[in-house]
Structure formats: structure tokens, C-alpha cells
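Student: To get this note's numbering, take the position in the sequence shown, counting from 1, and add 6.
We put the CB at the ideal spot given by N, CA and C, even for glycine.
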Amino acid sequence: MKFTDEQASKIKEASEKYTDDIVTFLRDLIAIPSFSSQEGDCIKRIKEEMEKVGFDEVRIDAIGNVIGTIGNGPKKILYDSHIDTVAIADPTAWNHDPFKGALKDDIIYGRGASDNKAAIACMVYAGKIIKELDLLPEDITLYIAGVVQEEDCDGWAVYEMITTQGIKPDCVVLGECTNLAINRGHRGRCEIKVTTKGVSCHASAPERGVNAIYKMLPIIQGIEKLQGNLKDDPFIGPGSIAVTSIECKTASLNVVPDECTIYIDRRMTVGETTESSIEEIKALPGAEEAEVSLLQYETPSWTGYQPEWDKYFPTWVLEEDHPLVEAGMKCGEILFGEMPPTSRWVFSTDGISTMGRLGIPTIGFGPAEERHAHSVDDQVRIDHLTKSAMFYSLFPAVYSKHVK
Ligand SMILES: [Zn+2]
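(1) Quick one: which unbroken beta strand (DSSP E) runs of 3-plus residues sit fully inside the stretch 232 to 260? Chain order, please.
(2) Beta carbon of Asp86, beta carbon of Val164: below 8 angstroms?
(3) Is Asp415 near ligand 1 - that is, is its Cβ less than 7 angstroms away from at least one heavy atom of it?
(4) Measure the alpha-carbon distance for Phe401 versus Gly372 and round it to whole angstroms.
(5) Return the first residue and the last residue of the alpha helix (DSSP H) that Ala37 is part of.
(6) Tell me whether Ile226 sits in a helix, a strand or coil according to DSSP, three-state version.
(7) Cα separation between Gly194 and Gly277?
(8) Look at the alpha carbon of Ala248 and the alpha carbon of Leu300, and state the distance between them as a whole number of angstroms.
(9) Where does Lys81 fall in DSSP's three states?
(10) Whole angstroms are fine: how far does the CA of Ala95 sit from the CA of Gly133?
(11) Could you tell me the boundaries of the alpha helix (DSSP H) in which Met411 lies?
(12) Would you say the beta carbon of Thr184 is closer than 7 angstroms to some non-hydrogen atom of ligand 1?
(13) Taking DSSP's pairing of strands, which residues face Trp351 in a bridge?
(14) Excluding the 5 residues preceding and the 5 following Glu22 in the sequence, name in chain order all residues of the same chain whose CB lies nearer than 7 angstroms to its CB.
(15) Ignore the nearest five residues each way along the sequence and tell me which others in Ala68's own chain have a CB closer than 7 angstroms to its CB.
(16) Does the stretch 63 to 78 come close enough to the stretch 146 to 154 to have 3 or more Cβ pairs within less than 8 angstroms?
(17) Just confirm the distance between the C-beta atoms of Val59 and Val130, as a whole number of angstroms; I'd bet it's less than 8 angstroms.
(18) Pull the bridge partners of Arg3 from the DSSP assignment, please.
(19) Would you identify the three-state DSSP class for Glu375, choosing helix, strand or coil?
(20) List the endpoints of the continuous beta strand (DSSP E) containing Cys177.
(21) When the distance is taken between beta carbons, is Cys196 closer than 8 angstroms to Tyr398?
(22) Pull up the CB-CB distance for Asp126 and Gly161, whole angstroms please, since I reckon it's below 8 angstroms.
(23) Give the straight-line distance between the Cα atoms of Phe61 and Lys255, rounded to the nearest whole angstrom.
(24) What is the rounded straight-line gap between the Cα of Asp384 and the Cα of Ile168?
(25) Decide yes or no for the touch test of the stretch 355 to 363 against the stretch 173 to 192: beta carbon pairs closer than 8 angstroms, at least 3 of them.
(26) How far does the alpha helix (DSSP H) with Arg51 in it extend, from its first residue to its last?
(27) Can you tell me whether Ser283 is buried or exposed? The criterion is at least 16 other CB atoms within 10 Å of its CB, across all chains shown.
(28) Measuring alpha carbon to alpha carbon, tell me which of Glu281, Ser206, Ala108 ends up nearest Leu259.
(29) Note down the Cα distance separating Ser246 from Pro291, rounded to an integer number of angstroms.
(30) Does the stretch 49 to 58 come close enough to the stretch 112 to 122 that 3 or more CB-CB pairs lie under 8 angstroms?
(31) Buried or exposed for Glu166, please, with buried defined as at least 16 other CB atoms from any protein chain shown within 10 angstroms of its CB.
(32) Report buried or exposed for Pro306, applying the criterion of at least 16 other Cβ atoms within 10 angstroms of its Cβ.
(33) What whole-angstrom Cβ distance do Val262 and Pro212 have, given they're in contact under 8 angstroms?
(34) The alpha helix (DSSP H) with Leu330 in it runs from where to where?
(35) Say the cut is 7 angstroms; is the CB of Glu375 nearer than that to a heavy atom of ligand 1?
(36) Compare the C-alpha of Glu156 against each of Lys221, Tyr220, Glu45 and name the closest.
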């Protein structure tokens, strides 16, 4: 297939024609709250729209993801857009009702507008445009998935989908907000727990026992010193470390506690791994006897599917000259007249599984800006919706031609 200006303008025309439908669909999705592990109603709404616009097959899997399929060629592309959102801390801090999908000056506001409901709305309508304009090459199968629980445990639900259901994509396009750039990586992370043990005794005579909190103090100080002195990478930035919670076990407020636990958020850059992050903590002064371990993710999905998952989320970066990155840039150039920039996310995405754990080449292209994600100003511009629908419509054809 050769790409022509005429094709690009047909895709543009169709995306503009369906922008009102995308807006209506997105506002519907925003009006259906879908906090992590409570996405059922939103998933069913997406299934309904996929059926309406004419996907070849639509199903909800055992985990609770919705998967629409077009085509049945040997090269498999997965579009992944998570559809869960973080919660609302203080509704009065919002200028617009977080669950109305308020529309003002060509911007849609609401929880999940940027992260990440806009992308699935565009992807579903790209499916419609692909069918109508016959844009899917014969060698391609396109899966479009609305994925659950990304905010709570990035990568888990898509990993289960890929490894247990025979969906083995050759590449993944994440819809996470990129401000219409091609993103190709981000830092990894892990959640670590450190426990010190002491000996409890009456707090009126603390010298009889060993205070587990005091045993934790040098470890906390060591962690504070690590921050700012971790490995750095020019593309995705430095690693970071923070103690995010502390608790102790004590029989009463007049008993010396015999157990103290801290929780650590560790962001990893290139060259840092979960193992190296754990070893680094074990090597801190005072940590000789401490227990250091990874946290587990155990929240069942809305369908009751039970995770067994270590909370480690590997760093991933796809090289700038990788054919998939080039295909993304080429697609942008054909549609928008210039190559989109390449970038990386500050936050984490399902890419930690698709590329980080499974080694499947992954890029991101999505509407909205990362700075609005999780904020009280959660929003997406309507022109971003049109442009994203254009990109998702043409990308499979460019991939088919460019990536052998
Ligand atoms: Zn997201």
C-alpha cells in the first residue's frame, strides 16, 4: 500500500465527521465512574459501542478487560488504553463536576478525561473508520483493548490478558496521554517493605526492651541520603526513592513496640532493577537484621479474578531508531505534515509489562497532556481527539508496510 495525500485527507475527513460521536462517547464514559477494580459498567459501555460501530468480534475476558478485534492477519497489533481512574480526593476542589464530562471552549473536563478514557474513545472510532475506509491490510489483526486496574497495578491486567488468552501481539500502542508525541519509555518502579523487630516491654522501663522504631531510624536516614544520589539517564531521568508510610505494632501506648514497618516507593532508571534496589537497602547501616521484601498486589478485578503479582514494574525504553518508533513517526508525518516529537512519560504505564516484562516492542501515542492526569483539572482538547482518531486509523497500515 502506498500512502497518498488523498488517503490522509479521507482519514482526516472521517475523523472530523465522527468527532461529535467521540465527544459524546467520551462524556458518557466520564459519567460512569470506573475506579480501579470497579470498572464493570464502563467496560460494558465500551463493549456496546464497539459492537455498534462494527468490530469483527467483541468480548469481555475473564479478567474484565474488553477486547475488540478487527481483521485476522498474522501480524498482531494491540492498542491498549486503560479505563480505570484514580479516585476523587476533594470534589469541591474541582471547577467542573468530575463525573459530568463538562464541555467548555472545546475542552472536555472530568475524571479520566486525560488519563485515559479519551484514548479508548478515539480507538473505538478509529475501528469504525478502519472498517469504513477499508484501511486494515490483510496481514494485520488489530486488537483494541480497554484494560482494567492500571492505576492500581500498572501492567497486571494486560499481562494476564496476553499470557493467558492467546493474544500475542507483535507490538503495542499505548493510548496514555503523550500530547500527540510518540513516547518510547519511562522509569520503572517497585514497592518495597522494610520491617525491623524489637523486644516489647513496659514503656516505663524502656531499657528492658528493644524499640523497633529506633532500629528503623538509621535505615530511614540512609534512604533519605540515597535520594539525589541514584543512577541517572539522559532520556528518562534519575531513579528516586521515598519512604511513603510508617507503622508499628504495639500492644498499647505504654508498651515499647516490637515491630516497625516502612513502605518505600522506588522509581528505577536505566541500569536499576528490583534486585539492585533491594540490595541497596539491605546494605544500609542498621539494615543488617531488617526484613526487606517486595509488596504483593492482591486486589481482585471486578469479575473476581485474583492477582498473584509482585509489585515490581521494570524500566523500559525502546530505541529511537526501532522500526516501531519509526512507524509511529511516519504515521504522524503522513497525517499531520511533520514528524511528531519522541518523548517519555514521567509516570508509569502498562508498558512495564508489554515491553518491560514481556519484551514486546511498545510505543505510546495519545491525546491530552500528562500534567492534567490525576489532577482536579483533568481534561482533553477536542482537536486532540480528532488527531488521535486519525493516528489510530492509519497506524496499522503504516506498521504493515514499515515493519517486516
Ligand atoms: Zn494512565
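Tutor: According to the data block:
(1) The beta strand (DSSP E) runs of length 3 or more contained entirely in the stretch 232 to 260 are, from start to end of the chain, 246 to 255.
(2) yes
(3) In the structure as shown, the chain starts at 7 and stops at 410, and residue 415 therefore has no counterpart that could be examined.
(4) 13 angstroms
(5) Unbroken run through Ala37: none, as it is neither H nor E.
(6) Helix.
(7) Across the structure, Gly194 and Gly277 are spaced so that their CA atoms are roughly 10 angstroms apart.
(8) Cα-Cα distance, rounded: 15 angstroms.
(9) Lys81 falls in the strand class under three-state DSSP.
(10) 35 angstroms
(11) With the chain represented from 7 up to 410, any question about residue 411 goes unanswered, as that position is not in the structure.
(12) Flag unset: Cβ of Thr184 not near ligand 1.
(13) Note: Trp351 sits in no beta bridge, so no partner.
(14) Thr392
(15) Within the same chain, and ignoring the five residues on either side of Ala68 in sequence, the residues whose Cβ sits closer than 7 angstroms to its Cβ are Thr309, Tyr311.
(16) Flag = yes, the stretch 63 to 78 and the stretch 146 to 154 touch.
(17) Indeed they touch by this definition, with Cβ atoms about 6 angstroms apart.
(18) Residue 3 falls outside the range modelled here, since the chain spans only 7 to 410, and no answer is possible.
(19) The answer is coil: DSSP assigns Glu375 none of H, G, I, E or B.
(20) 177 to 180
(21) no
(22) Asp is not the amino acid found at residue 126; the sequence shown has Ile there. Not really, about 17 angstroms apart at Cβ, beyond 8 angstroms.
(23) Roughly 54 angstroms between the two C-alpha positions.
(24) 30 angstroms
(25) yes
(26) 46 to 59
(27) buried
(28) Ser206
(29) 19 angstroms
(30) Contact fails: fewer than three Cβ-Cβ distances are below 8 angstroms.
(31) buried
(32) exposed
(33) 5 angstroms
(34) 329 to 342
(35) no
(36) Glu45
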